[in-house]
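The structure appears right after this line, and notes come after that.
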Amino acid sequence: MKQSSQFLDRFDFRVDYLASRGAKAEKILKVLRREFQDIAHVSLLDVGCSQGQITGRLSKDFGFVVGIDIDPERTRAFHFVQADGCRLPIVSSRFDVVLLNHVLEHVSWPERLLTEVWRVLKPGGLCYLACPNRYALLEPHYRLPLLSWLARPMADTYVRLAGRGRAYVDNLPSYWKLIKWTRRFKVQDLTLVVLKNPKQFFPDDPALIARARWVGWLPVWLLKPFVPWFPVWILLIRKPEFADPRRVSQFSPAHEVSLAAPK
0 MKQSSQFLDR
10 FDFRVDYLAS
20 RGAKAEKILK
30 VLRREFQDIA
40 HVSLLDVGCS
50 QGQITGRLSK
60 DFGFVVGIDI
70 DPERTRAFHF
80 VQADGCRLPI
90 VSSRFDVVLL
100 NHVLEHVSWP
110 ERLLTEVWRV
120 LKPGGLCYLA
130 CPNRYALLEP
140 HYRLPLLSWL
150 ARPMADTYVR
160 LAGRGRAYVD
170 NLPSYWKLIK
180 WTRRFKVQDL
190 TLVVLKNPKQ
200 FFPDDPALIA
210 RARWVGWLPV
220 WLLKPFVPWF
230 PVWILLIRKP
240 EFADPRRVSQ
250 FSPAHEVSLA
260 APK
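At position 211 of the sequence shown (counting the first as 1) the number is 210 in this note's numbering, and the numbers step up by one without a gap.
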């Protein structure tokens, strides 16, 4: 899993990184409200919660929220567990929702992480998954053109020459690889739904509304073939109601940490 403080320190050149957390939390909340009649009784696990700005916002609406990160630096508005997302110390079938918001690209074993997500989700539970595209023109974390297209040695050199760090440590997937990773789930791609309704999902971001305007003008049938080339995707991946109980991770600990409500 990514380490939060090192992750943030790496992006001192970022623009309003923390300020954008609130807007992203509202987008996630609106997407998930479409799936539940009453989220006040829904449990949510945020894997890779970083400092917890998004997790803290969601904890105001969801019935029970837990944040997981390998780094202990975070806010105190929700229950926090310091752990590796690829070895979740949580019993199986525990949560209604798992949040993977721009996390997969920061882990070394994304399929192992998704196996753990499968394990801790209740049957019928869902995972909100947002992930950037390897083939986007601008790498979203380092803000360098075509960085993620390059072979790792060339990418490392590019990062050093640009003064953005010592190496390129992320692992962005292609759309087809992401679909392969999530093949055991029922996948619903909401990328176009969100982009075609920016005023609903991003009401306080006029710049994004303006950029997404062209998407609203075009029909879905015309846009759909181009989704694999969009810079970011938003998926809801659902564990089937009658999931095979044998499909569990061999890497997870046998114990569960205390999940009592935070003080």
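By construction, the Cβ of each residue, glycine as well, lies at the ideal position given by its N, Cα and C atoms.
Member of the options whose CA lies at the smallest distance from the CA of residue i
i, options, result
"G55", "E110, T181 and A24", "A24"
"L99", "I27, A150 and N196", "I27"
"V41", "A22, D68 and V96", "V96"
"P224", "I69, V46 and T190", "T190"
"L31", "E138, I208, K198 and V193", "V193"
"L128", "Q187, R212 and F63", "Q187"
"S49", "G66, F35, A39 and E34", "G66"
"R33", "L125, M153, E138 and P139", "L125"
"P139", "H105, V116 and M153", "H105"
"W180", "F77, S91, V116 and F35", "V116"
"F77", "L103, S107, S91 and L43", "L43"
Residue(s) in a DSSP beta bridge with residue i
i, result
"N100", "A129"
"I67", "V46 and V80"
"P263", "Only positions 0 to 262 of the chain appear in this structure, which leaves residue 263 out of reach."
"D188", "L234"
"F200", "Answer by DSSP bridge pairing: none, since F200 is not bridged."
"L120", "F94"
Beta-carbon proximity list for residue i, same chain, < 8 angstroms, skipping 5 on both sides
i, result
"R159", "R165 and A166"
"R182", "none"
"F241", "P122"
Rounded separation between residue i and residue j - CA only
i, j, result
"R118", "A206", "39 angstroms"
"R174", "P239", "Here residue 174 is Tyr; the residue named in the question, Arg, does not match the sequence. Whole-angstrom Cα-Cα distance: 22 angstroms."
"Y157", "W232", "25 angstroms"
"F184", "T114", "10 angstroms"
"K86", "H101", "A quick correction: the sequence has Arg, not Lys, at residue 86. About 18 angstroms."
"D37", "R133", "36 angstroms"
"G123", "R237", "6 angstroms"
"F12", "P144", "Because the pLDDT at F12 is just 40, under 50, the model does not fix this residue reliably, and the point stays unresolved."
"K172", "P131", "Residue identity differs from the one stated: residue 172 is Pro in this sequence, not Lys. So the alpha carbons of these two residues sit roughly 8 angstroms apart."
"I89", "N196", "36 angstroms"
"Q81", "F63", "17 angstroms"
"C93", "K121", "The sequence as given places Arg at residue 93; Cys does not occur at that position. Cα to Cα, the separation comes out at about 6 angstroms."
"I69", "R111", "16 angstroms"
"P109", "K176", "11 angstroms"
"A39", "D155", "45 angstroms"
"F79", "W148", "35 angstroms"
"P218", "L146", "31 angstroms"
"G215", "L136", "22 angstroms"
"G84", "D203", "32 angstroms"
"M153", "D169", "14 angstroms"
"R142", "W220", "31 angstroms"
"L234", "L103", "12 angstroms"
"A161", "G47", "27 angstroms"
"S107", "R151", "14 angstroms"
Beta-carbon contacts of residue i that lie in its chain and below 6 angstroms, excluding the five residues immediately before and after
i, result
"Q52", "R20"
"K29", "F200"
"D45", "T54, G66 and L98"
"A211", "L194 and P197"
"F35", "V41"
"R163", "Y141"
"D15", "For D15, the predicted structure reports a pLDDT of 48, less than 50, and the residue's modelled location is therefore unreliable. The matter cannot be settled from this model."
Neighbourhood of residue i by C-beta distance below 7 angstroms, restricted to the same chain and skipping five residues each side
i, result
"I208", "P197, K198 and F201"
"L222", "L191 and V214"
Residue i beta carbon near the ligand MG (any heavy atom closer than 7 angstroms)
i, result
"T190", "Inclusion of the ligand MG in the displayed structure is not the case, the ligand content being empty and no account of it being possible."
Counting pairs of beta carbons, one from the segment 223-232 and one from the segment 53-68, are three or more of them closer than 8 angstroms? no
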